[in-house]
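**Q**
Protein chains in written order, with my numbering: chain A, 1 to 382; chain B, 383 to 764.
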């Protein structure tokens, strides 16, 4: 209990439309990369973050499946699901597995195979993250829900659409550097503004793409980690919280109260405040979610979530660089895998990739339209 | 870390075909029952055991959904999935939540709503627990997989069909006492033998029914539990293990190696041997699984799994009474909920329900055709 938990291995598979690979192929590829990165070759447990393998590829029981095909059996292996927040939630379970003393080495794999079904079906499957009886039943898609929140935010805080369109530009700015990213190119504000409207006021380029991908990280105690590396990355704080599933049930449509709650927990556990965070991986599934996240994790006052972005503070060199490997928008958003990608990317940045000299960062992973939020604070252990 | 984990509340909803209730209704009903049973009214985290809410009711994200509708937000809430072994796996995550010191009080809810789709679709959804690419793809249903294992077992150990048909009789024997059971009646060996063949040699009454249900239990440290009760039920050992997903990949088709592994872990943690177990909740989804479970958890030699059953030792009064509330066969098998029902039933028996005086028992929950097995040892804390 007294020992810290550290990340000692990262494997981030290329995100894209992988017609030629199955869910298990993707997962195992990332696992091999994480093993190679860590220097170890076995673990005591596997947690799989995944949203919808049942509807997407007609396969449940993927904890055991992946453990089996990765040659890891008979280790305990389960899937953890919290919609698009599955990866972050699985990571926190893995953290607890080590922290509780149950396991010495834990593998956390996030995986999603979204492109094996027709796009119309994808929209329906993603709507399973919202409230089927009170939201999706009325024909409100997941993009539409986010559009409603964005419209309200623009009204409430007198924010223009172009002020929010800056977020995809920021994420894409870092994408050329990101080898595993789906779209490795920069985009202009004009490109976002002029892209087709999907659900007014959200345009195509405000939305993270549908794709396939898998990411893995390996956890152990700091003490054990020091046998492998002089610069382990420590998990100093984790927080997971929930909110109403339906957006209409919230006190304030424009507040992610689960992000408020989860970040408070994570800061408290890490003994830090937002000021101590140098970099952040933000859940930019839709531009509006970036602004709300920045505010609700304490980096800006309510309604001011675009201020730092417009000042250029979220680029490398600014006060709070975000989404250093492209974020959900450019790296891609294979839903249940995203949270694990974020952790891996944060580890890369903290280890030092020649771009930022950051001591501490956080990863924020959102499930649904904000009903689940996890926040993890990681820091250099040197 | 030094403190034991105890169960202080149980709520077992009636199992059946609940056309008039939704997944969330069922879950919340059992949560209220568990709160009432425990004497507390809030918890720090929720783990939901569920296999296939996506395909069955087009709803994912049910951790947050259930926390929301039960009025428990903003607590952390995730779904844990391991096919039909989801309930047991969720229980073990809940156990670790308390053991790690992350949470003081944890609620574990198992829920499955299976009857909202047509039976043909149910068969397909259940096949997602097997290997879609190497088993289900070839048209092998879940029942068929179990039938193949049974046929091999009968051949290998010269066991007759009627020797295995005793297991449903044993489970049904206890069902009239079980208020939450789906089928509250005894059945005869002849009835099992003469019921229609589903997949030779498995007959209808060898198979647990498709149904809806939800069960909840509340966990906390033994120290805290003693503020509520003088007879807390202690979780003294847990084990979770995996095997190949495909039956054809196993070294021995008739050995549940995950049950061997999981039970060894649980016994070791509890500091006991099979001889110290007084009662057991066995995963009798199919008669053959009962025999294999009895063997592979160390209660009988290989090939001798029906011996105690035929001697009457699994009835109340025998050496190892099993499935005291009807087992999967008579209580019903709402897949992802089953593991939590088993824990709740074990708690009832250990608290003392006027039928057995047991000090220690175990619950065995199987996912798929044995690719995931959890074993939990519980004992009286007095």
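Even glycine gets a Cβ: it sits at the ideal position worked out from N, Cα and C.
Would you say residue 81 (chain A) reaches chain B, if we count a Cβ-Cβ gap shorter than 7 Å as a contact?
**A** By this cut-off, residue 81 (chain A) is an interface position.
**Q** Compare the beta carbon distance of residue 436 (chain B) and residue 128 (chain A) with 7 Å and say whether it is the shorter of the two.
**A** Going by beta carbons, residue 436 (chain B) and residue 128 (chain A) fall inside the 7 Å limit.
**Q** Measuring only the C-alpha atoms, how far is residue 18 (chain A) from residue 186 (chain A)?
**A** 22 Å
**Q** Any idea what DSSP makes of residue 668 (chain B), helix, strand or coil?
**A** strand
**Q** What are the boundary residues of the alpha helix (DSSP H) that includes residue 383 (chain A)?
**A** Absent from the model: residue 383 (chain A). The displayed extent of chain A is 1 to 382, so no value can be given.
**Q** State yes or no: is the beta carbon of residue 635 (chain B) nearer than 7 Å to at least one beta carbon in chain A?
**A** no
**Q** At the level of alpha carbons, what is the spacing between residue 484 (chain B) and residue 3 (chain A)?
**A** 14 Å
**Q** Roughly how many whole angstroms lie between the Cα atoms of residue 713 (chain B) and residue 627 (chain B)?
**A** 27 Å
**Q** Suppose you measure from the CA of residue 554 (chain B) to the CA of residue 662 (chain B); what does that come to, to the nearest Å?
**A** Our two residues, residue 554 (chain B) and residue 662 (chain B), have alpha carbons roughly 15 Å apart in a direct line.
**Q** Is residue 109 (chain A) helix, strand or coil when you go by DSSP?
**A** strand
**Q** Could you check the C-alpha separation between residue 296 (chain A) and residue 104 (chain A) for me, to the nearest Å?
**A** When rounded, the distance between both Cα atoms is 34 Å.
**Q** Closer than 9 Å, Cβ to any Cβ of chain B: which residues of the segment 129-150 of chain A, in chain order?
**A** Within the segment 129-150 of chain A, the qualifying residues are 129, 130, 131, 132, 133, 136.
**Q** Mapping the DSSP letters down to three states, classify residue 233 (chain A) as helix, strand or coil.
**A** Correct three-state label for residue 233 (chain A): strand.
**Q** What distance in whole Å lies between the Cβ atoms of residue 168 (chain A) and residue 329 (chain A), which are believed to be in contact at a cut-off of 8 Å?
**A** 5 Å
**Q** Please state whether the Cβ-Cβ distance between residue 5 (chain A) and residue 37 (chain A) is less than 7 Å.
**A** no
**Q** Looking at the structure shown, is residue 682 (chain B) part of a helix, part of a strand, or coil, going by DSSP?
**A** Coil.
**Q** Would you mind reading off the limits of the alpha helix (DSSP H) that contains residue 360 (chain A)?
**A** Not the alpha helix (DSSP H): residue 360 (chain A) falls in the beta strand (DSSP E), residues 360-367.
**Q** Thinking C-beta only, is residue 578 (chain B) closer than 7 Å to residue 566 (chain B)?
**A** Their beta carbons are not under 7 Å apart, which means residue 566 (chain B) does not touch residue 578 (chain B) by this criterion.
**Q** Could you tell me which residues DSSP pairs with residue 624 (chain B) in its beta bridges?
**A** B:754
**Q** With a threshold of 7 Å between beta-carbons, can residue 78 (chain A) be considered close to chain B, or not?
**A** Yes, contact with chain B.
**Q** Run through chain B and tell me which residues come within less than 8 Å of residue 368 (chain A), C-beta to C-beta.
**A** 443, 446
**Q** Beta carbon of residue 114 (chain A), beta carbon of residue 122 (chain A): below 7 Å?
**A** yes
**Q** Could you name the residues that DSSP lists as bridge partners for residue 429 (chain B)?
**A** B:460, B:490
**Q** Around the Cβ of residue 450 (chain B), are there at least 16 other Cβ atoms within 10 angstroms (buried) or fewer (exposed)?
**A** buried
**Q** Which same chain residues, not among the five before or five after residue 675 (chain B), have their C-beta less than 7 Å away from its C-beta?
**A** 638, 641, 664, 665, 746
**Q** Give a yes or no on whether the C-beta atoms belonging to residue 424 (chain B) and residue 444 (chain B) are separated by under 7 Å.
**A** no
**Q** For the segment 686-711 of chain B, which residues have a beta carbon sitting closer than 8 Å to at least one beta carbon of chain A?
**A** none
**Q** For residue 651 (chain B), which residues from the same chain have a beta carbon less than 6 Å from its beta carbon, with the 5 sequence-adjacent residues on both sides left out?
**A** 619
**Q** Spatial neighbours of residue 695 (chain B) within its chain, please: CB distance less than 7 Å, with the 5 preceding and 5 following residues excluded, ordered by chain position.
**A** Cβ neighbours of residue 695 (chain B) within its own chain (closer than 7 Å, five residues either side excluded): 701, 702.
**Q** At a Cβ threshold of 7 Å, is residue 96 (chain A) touching chain B?
**A** yes
**Q** In chain order, what residues of the segment 473-501 of chain B put their CB closer than 7 Å to some CB of chain A?
**A** The segment 473-501 of chain B vs chain A, Cβ under 7 Å: 475, 478, 479, 481, 482, 483, 484.
**Q** Does the Cβ of residue 764 (chain B) have 16 or more other Cβ atoms within 10 Å, making it buried, or fewer, making it exposed?
**A** exposed
**Q** What are the residues of the segment 579-601 of chain B that lie near chain A, defined by any Cβ-Cβ distance shorter than 8 Å?
**A** none
**Q** State yes or no: is the beta carbon of residue 405 (chain B) nearer than 7 Å to at least one beta carbon in chain A?
**A** no
**Q** For residue 566 (chain B), which of helix, strand or coil comes out of DSSP?
**A** Looking at residue 566 (chain B) - three-state DSSP - the assignment turns out to be coil, as it is neither helix nor strand.
**Q** Counting only beta-carbon separations shorter than 7 Å, does residue 256 (chain A) have a partner in chain B?
**A** No - not a single Cβ of chain B is within 7 Å of the one on residue 256 (chain A).
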